[in-house]
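To start, the structure itself, in structure tokens.
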Amino acid sequence: MGGVIRILQDFEGTSVNRLVPGVMAGLVGLGVLVGALCLVTSPVRSVFLVVSGVGVLMALGTVLARNLVHSALYLVAFFFVVACQFVLLEVDFLAAVQVLLYIGAVAVLMMFGIMLTRNVQGAEPRRRGFFRYLPAAAVAVGMMVMLGRGILSGPASEGLADWRRQTRPALVKEDGTLNERGKLTNNLGLVIGQEMLGRWVVPFEMAGLLLTVALVGSVTLAMGERGEEAGPGRDGAALRSPFERMSR
Amino acid sequence: MSGFAVLWAQAMPVGQAVPWLRYAAWLLLGFAAAFPLVVAYVVLAERKLAGRFQDRIGPNRVGPFGTLQPIADLIKLLTKEDIVPEAADPVMHLAGPVILTVSAMAVLAVVPMGFGGLDEDGHLTGLVPVDLPAGLLYLIAMASVSAVGVFLSGWASRNKYALLGAMRAVAQLVSYEIPQVLATVPALLWAGSLSLVTVVDRQVELGWFVWSPPGFVAFVTVVVASIAEVNRAPFDLPEAESELVAGFHTEYSGMRFGLFFLAEYMNVFTVGCLASVLFLGGGALPFTSFPKGLLGGSVAMMVLANVISVGTFAVKVGVMVFLMFWVRATLPRLRVDQLMGFAWKFLVPLGLLNLPISALWFELAIREPDRSRVMAWVWTGFLELMALGMVAGVNSRKVGRRDVVGSLETDWVA
Chain A
919 MGGVIRILQD FEGTSVNRLV PGVMAGLVGL GVLVGALCLV TSPVRSVFLV
969 VSGVGVLMAL GTVLARNLVH SALYLVAFFF VVACQFVLLE VDFLAAVQVL
1019 LYIGAVAVLM MFGIMLTRNV QGAEPRRRGF FRYLPAAAVA VGMMVMLGRG
1069 ILSGPASEGL ADWRRQTRPA LVKEDGTLNE RGKLTNNLGL VIGQEMLGRW
1119 VVPFEMAGLL LTVALVGSVT LAMGERGEEA GPGRDGAALR SPFERMSR
Chain B
550 MSGFAVLWAQ AMPVGQAVPW LRYAAWLLLG FAAAFPLVVA YVVLAERKLA
600 GRFQDRIGPN RVGPFGTLQP IADLIKLLTK EDIVPEAADP VMHLAGPVIL
650 TVSAMAVLAV VPMGFGGLDE DGHLTGLVPV DLPAGLLYLI AMASVSAVGV
700 FLSGWASRNK YALLGAMRAV AQLVSYEIPQ VLATVPALLW AGSLSLVTVV
750 DRQVELGWFV WSPPGFVAFV TVVVASIAEV NRAPFDLPEA ESELVAGFHT
800 EYSGMRFGLF FLAEYMNVFT VGCLASVLFL GGGALPFTSF PKGLLGGSVA
850 MMVLANVISV GTFAVKVGVM VFLMFWVRAT LPRLRVDQLM GFAWKFLVPL
900 GLLNLPISAL WFELAIREPD RSRVMAWVWT GFLELMALGM VAGVNSRKVG
950 RRDVVGSLET DWVA
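If you read the sequences in order, they're chains A and B.
Going from the first sequence to my numbering is simple: count from 1 and add 918.
Going from the second sequence to my numbering is simple: count from 1 and add 549.
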């Protein structure tokens, strides 16, 4: 319980501080209600809904937390919730990839970036205001509508789930052989590998080329021009500054 | 190792019929009892062996030959005061060690400790909590979460030493993950699956993957990179005592410190397990598929086969863990530039060059297992030596003050 109170304290002093606990409590209440309803009809779906509700809370925390590192940690929790959803959808390969890439690499690099560039302890509150959120909210909602339309209007392949249908086809056909979905679930790594080096080989290689270009470009930027190498005399102040700021 | 008795529950028919019973057995008897106990005695073994290496006796007061020392340590840690610095971020301060311990525990969920049973096609089912089709990916993913725990504990302590330790740790974890993953690829390529049980099953059929030039190089790389991943000497810069007090866990005491301790030795155990499963055949005996043949028979034969395979696995893990203690007692700590240089200039190029050579081994030896492997050995051995020479040569070409690093790196492996 103490943890919840501290999480709520995170939102103090923001312009939405009165709104957020109410919204969170309302969402939790709604989640409990819907969960109780669904538990009767479909246990797996209710687990999915509860997990998704936690995900929504974590997403809210990411956007609204005052401390930058707390915000990053909420994001880590959100990525983990997405991995849990993948597990509930029986694609453990994607769940592992989600954790490996988004928590193991992206979030860690983000934290590293916070340590190197900003006020190290992240204690300085971010400037905020309700109207600052409006453009971001518009972009987010627009993106959601676009992706939702795209996904819902896409046709399903033979033996795979259609997004508009609420049930998924069985893993095993009547004659005992594996359905398309069963094959995917059994060895998704193999199937993705074959697709990537078969049908999608050109986009795959293009993505690789793009990443190489980005890597070389960043190395070039980081190296700077010749003779401008960072020495302790010139750049020492900049290097030490995070720790000086911390000790104040 | 008394806890292993209960792990056979899985191999039994009742365990196959009622899955939740199996999971409950693994959780209660494996993750809550056997693994922490193993870890406690790994700590004792390290202290005893470090004593031998340093010409001391080591702990010998509690119980016969000091065998109750871990229990005494545990009681001490539990009863010590749990101090949280006033300036620290209390939630994050707790979250750090918890995330680290969870990541260290969760990794073990896909490691096959023995043979288990046989499925309809005659493949092993593995003595494992969960046989995920993407097991190795899961293992690496959960291990990479530990970076978040290390960062949080260093950041939340509001201590310069802790923060410096965390920065070093994150840089090191991110760097050494790459050679580690590159070095696991040959085993996956030869097994044709990400499932660790399948990797073991293929090694029973084809012989241990370490018996090949690319396999040996990958094995050494995976061990070195994993030691760096778990912050053990000589890669223990994040907690370098002489520079950073205790690094990222400077501000921890009592059982929170105990959790760091548990996670570190759990990780040592996991590195032993990973190396054994990927390259040393898991529970397989060398040059024979012997205990696998017993699996099709009666329940007693099945139990016997599992005892043999679990015992073999335990011996391999023990040897790997001993190797890590030996390295820790022998080698001095690296400098930061040496650490980064060793990963990026030596291990990563070697891992990349190793991939096509592994593919060649696959074509020459694994695709047709009945053919003589002499040509495969000659070709891949020659190419592997070329690759090693190339990487070592490029690294030690320039002569000058800065290249002490290069020569040291090449001495390390070659």
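Ideal placement from N, C-alpha and C gives every residue a C-beta, glycine not left out.
Predicted, not measured: the structure shown is a model, and the values here were computed from it.
Legend entry - Which of helix, strand or coil DSSP assigns to Val-1090(A): Start at 1 with the first residue of the first sequence, and residue 1090(A) comes out as number 172. Three-state DSSP puts Val-1090(A) in a strand.
Legend entry - Against chain A: residues of the segment 869-903 of chain B by CB proximity under 7 Å: Within the segment 869-903 of chain B, no residue qualifies.
Inset, instruction - Return helix, strand or coil for Arg-1166(A), following the three-state DSSP convention. - result: In the first sequence, residue 1166(A) corresponds to position 248, counting from 1. Residue placement at Arg-1166(A) is poorly supported in this model, since its pLDDT is 37, which falls under 50; the coordinates still yield a value, given next. Shown here, Arg-1166(A) sits in coil according to DSSP, grouped into three states, outside any helix or strand.
Legend entry - Interface partners of Phe-1004(A) on chain B, CB under 9 Å: As a position in the first sequence, residue 1004(A) is number 86, starting the count at 1. Chain B residues near Phe-1004(A): none, gap ~11 Å exceeds 9 Å.
Legend entry - Met-1029(A) at chain B interface by Cβ criterion, 8 Å: For this step, residue 1029(A) is matched to residue 111 along the first sequence. Chain B contact via Cβ: present.
Inset, instruction - Confirm, please, whether the CB-CB distance from Met-654(B) to Val-859(B) is below 8 Å. - result: The sequence position of residue 859(B) within the second sequence is 310, counting from 1. The sequence position of residue 654(B) within the second sequence is 105, counting from 1. If you check the CB distance, Val-859(B) and Met-654(B) do not come in under 8 Å.
Legend entry - Counted within 10 angstroms of its Cβ, other Cβ atoms place Ile-1069(A) as buried (16 or more) or exposed: Position 151 of the first sequence, counted from the first residue, corresponds to residue 1069(A). Ile-1069(A) is exposed by the Cβ-count criterion.
Legend entry - Min CB distance Met-804(B) to chain A below 8 Å: Looking up residue 804(B) in the second sequence gives position 255. Not closer than 8 Å to any Cβ of chain A, the Cβ of Met-804(B) fails to qualify, so no.
Legend entry - Contact check, Val-749(B) vs Gly-831(B), beta carbons under 8 Å: On the second sequence, position 200 is the one that residue 749(B) refers to. On the second sequence, position 282 is the one that residue 831(B) refers to. Against a cut-off of 8 Å, the Cβ pair of Gly-831(B) and Val-749(B) comes out as a contact.
Legend entry - Pick from Met-1033(A), Gln-1112(A) and Gly-1022(A) that is closest to Ala-696(B), judged by C-alpha positions: Taking the second sequence and counting its residues from 1, the one referred to as residue 696(B) is at position 147. It is Gly-1022(A) whose Cα lies nearest to the Cα of Ala-696(B).
Inset, instruction - Establish whether the CB of Val-948(B) and some CB of chain A are separated by less than 8 Å. - result: Translated into positions along the second sequence, residue 948(B) becomes position 399. A caution first: Val-948(B) carries a pLDDT of 49, below 50, which makes its placement in the model unreliable, though a value can still be read off. No, Val-948(B) does not count as interfacial toward chain A.
Inset, instruction - With a 10 Å radius around its C-beta and 16 neighbouring C-beta atoms as the bar for buried, classify Gln-603(B) as buried or exposed. - result: Along the second sequence, one-based indexing puts residue 603(B) at 54. Exposed: under 16 other Cβ atoms inside 10 Å.
Legend entry - Whether Val-677(B) touches Gly-665(B) by CB criterion (8 Å): Start at 1 with the first residue of the second sequence, and residue 677(B) comes out as number 128. Start at 1 with the first residue of the second sequence, and residue 665(B) comes out as number 116. It is a contact, given that the beta carbons lie within the stated cut-off.
Inset, instruction - Show which residues of chain A have a CB atom less than 7 Å away from the CB atom of Phe-614(B). - result: Position 65 of the second sequence holds residue 614(B). Taking the beta carbon of Phe-614(B) as reference, no residue of chain A falls within 7 Å; the closest one sits roughly 41 Å away.
Inset, instruction - Quick one: which residues of the segment 677-690 of chain B get their C-beta closer than 7 Å to a C-beta of chain A? List them in chain order. - result: Within the segment 677-690 of chain B, the qualifying residues are Leu-681, Pro-682, Ala-683, Leu-686, Tyr-687, Ile-689 and Ala-690.
Inset, instruction - Please determine, among Val-941(A), Pro-1053(A) and Val-968(A), the residue with the shortest C-alpha to C-alpha distance to Leu-951(A). - result: Walking along the first sequence from the start, residue 951(A) turns up at place 33. Here the closest residue by C-alpha is Val-968(A).
Legend entry - the segment 771-791 of chain B in contact with the segment 720-739 of chain B per 3-pair CB rule at 8 Å: Because the criterion of three Cβ pairs below 8 Å is met, the segment 771-791 of chain B and the segment 720-739 of chain B touch.
Legend entry - Three-state secondary structure assigned by DSSP to Leu-673(B): Along the second sequence, one-based indexing puts residue 673(B) at 124. In the structure shown, Leu-673(B) sits in a strand (DSSP, three-state: E or B).
Legend entry - Nearest-angstrom Cα separation, counted from Val-864(B) out to Ala-1058(A): Here residue 1058(A) refers to the residue found at position 140 of the first sequence. Here residue 864(B) refers to the residue found at position 315 of the second sequence. Going by the C-alpha atoms only, they are around 55 Å apart.
Inset, instruction - For chain B, find out if any of its Cβ atoms is closer than 8 Å to the Cβ of Gly-1107(A); answer yes or no. - result: Along the first sequence, read from residue 1 onward, the residue named residue 1107(A) stands at position 189. Taking CB atoms only, Gly-1107(A) has a neighbour in chain B less than 8 Å away.
Legend entry - Uninterrupted alpha helix (DSSP H) stretches inside the segment 941-1024 of chain A (no shorter than 4 residues): For the segment 941-1024 of chain A, whole alpha helix (DSSP H) runs of length 4 or above, ordered along the chain, are 961-982, 986-1006 and 1010-1016.
Legend entry - chain A contact for Val-927(B) (CB, 8 Å cutoff): Counting from 1 along the second sequence, the entry for residue 927(B) is found at position 378. Taking CB atoms only, Val-927(B) has no neighbour in chain A less than 8 Å away.
Inset, instruction - Could you tell me whether the Cβ of Ser-724(B) comes closer than 8 Å to any Cβ of chain A? - result: The count along the second sequence starts at 1 and reaches residue 724(B) at position 175. At a cut-off of 8 Å between beta-carbon atoms, Ser-724(B) makes no contact with chain A.
Inset, instruction - Show which residues of chain B have a CB atom less than 8 Å away from the CB atom of Val-1026(A). - result: Start at 1 with the first residue of the first sequence, and residue 1026(A) comes out as number 108. Within chain B, the residues near Val-1026(A) are Ser-693, Ala-696, Val-697, Phe-700, Val-719, Leu-722 and Val-723.
Legend entry - Min CB distance Phe-997(A) to chain B below 8 Å: Taking the first sequence and counting its residues from 1, one reaches residue 997(A) at position 79. By this cut-off, Phe-997(A) is not an interface position.
Inset, instruction - Give a yes or no on whether the minimum CB-CB distance between Leu-743(B) and chain A is below 8 Å. - result: Locating residue 743(B) in the second sequence gives position 194, where the first residue counts as 1. Closer than 8 Å to the CB of Leu-743(B) there is at least one CB belonging to chain A.
Legend entry - Backbone CA spacing between Gly-741(B) and Leu-913(B) [nearest angstrom]: Looking up residue 741(B) in the second sequence gives position 192. Looking up residue 913(B) in the second sequence gives position 364. If you draw a straight line from the Cα of Gly-741(B) to the Cα of Leu-913(B), it is about 16 Å long.
Inset, instruction - Could you check what DSSP says for Leu-883(B) in three-state terms: helix, strand or coil? - result: Indexing the second sequence from 1 puts residue 883(B) at position 334. Under the three-state reduction of DSSP, Leu-883(B) is assigned to coil, being neither helix nor strand.
Legend entry - Where Ser-945(B) falls: helix, strand or coil (DSSP): On the second sequence, residue 945(B) is found 396 positions in, with the first residue counted as 1. Ser-945(B) sits in coil when the DSSP states are folded into three classes, being neither helix nor strand.
Legend entry - Residues that DSSP places opposite Leu-667(B) in a beta bridge: If you number the second sequence from 1, residue 667(B) lands on position 118. In DSSP, Leu-667(B) forms a bridge with Leu-673(B).
Legend entry - Best match in Val-972(A), Arg-963(A) and Phe-966(A) for proximity to Ala-943(A) [C-alpha to C-alpha]: Along the first sequence, one-based indexing puts residue 943(A) at 25. Considering only alpha carbons, the answer is Val-972(A).
Inset, instruction - Throw me the rounded Cβ distance for the Trp-757(B) and Phe-828(B) pair, which I believe falls under 8 Å. - result: Taking the first residue of the second sequence as 1, we reach residue 757(B) at position 208. Taking the first residue of the second sequence as 1, we reach residue 828(B) at position 279. About 7 Å separates the CB atoms of Trp-757(B) and Phe-828(B); that is less than 8 Å, so the two are in contact.
Inset, instruction - Determine the chain B residues that contact Met-1033(A) at a beta-carbon separation under 7 Å, and present them in chain order. - result: Translated into the one-based positions of the first sequence, residue 1033(A) becomes position 115. Within chain B, the C-beta atoms nearer than 7 Å to that of Met-1033(A) come from Met-716, in chain order.
Legend entry - Cα-Cα separation between Ala-782(B) and Lys-894(B), rounded to whole angstroms: To locate residue 782(B), count along the second sequence from 1; it is residue 233. To locate residue 894(B), count along the second sequence from 1; it is residue 345. For Ala-782(B) and Lys-894(B), the distance between alpha carbons rounds to 20 Å.
Legend entry - Inter-residue Cα distance where the pair is Leu-1129(A) and Leu-1019(A): Along the first sequence, one-based indexing puts residue 1129(A) at 211. Along the first sequence, one-based indexing puts residue 1019(A) at 101. The C-alpha of Leu-1129(A) lies about 15 Å from the C-alpha of Leu-1019(A).
Inset, instruction - Mind checking which residues open and close the alpha helix (DSSP H) that includes Phe-806(B)? - result: The sequence position of residue 806(B) within the second sequence is 257, counting from 1. Counting along the chain, the alpha helix (DSSP H) containing Phe-806(B) begins and ends at 803-828.
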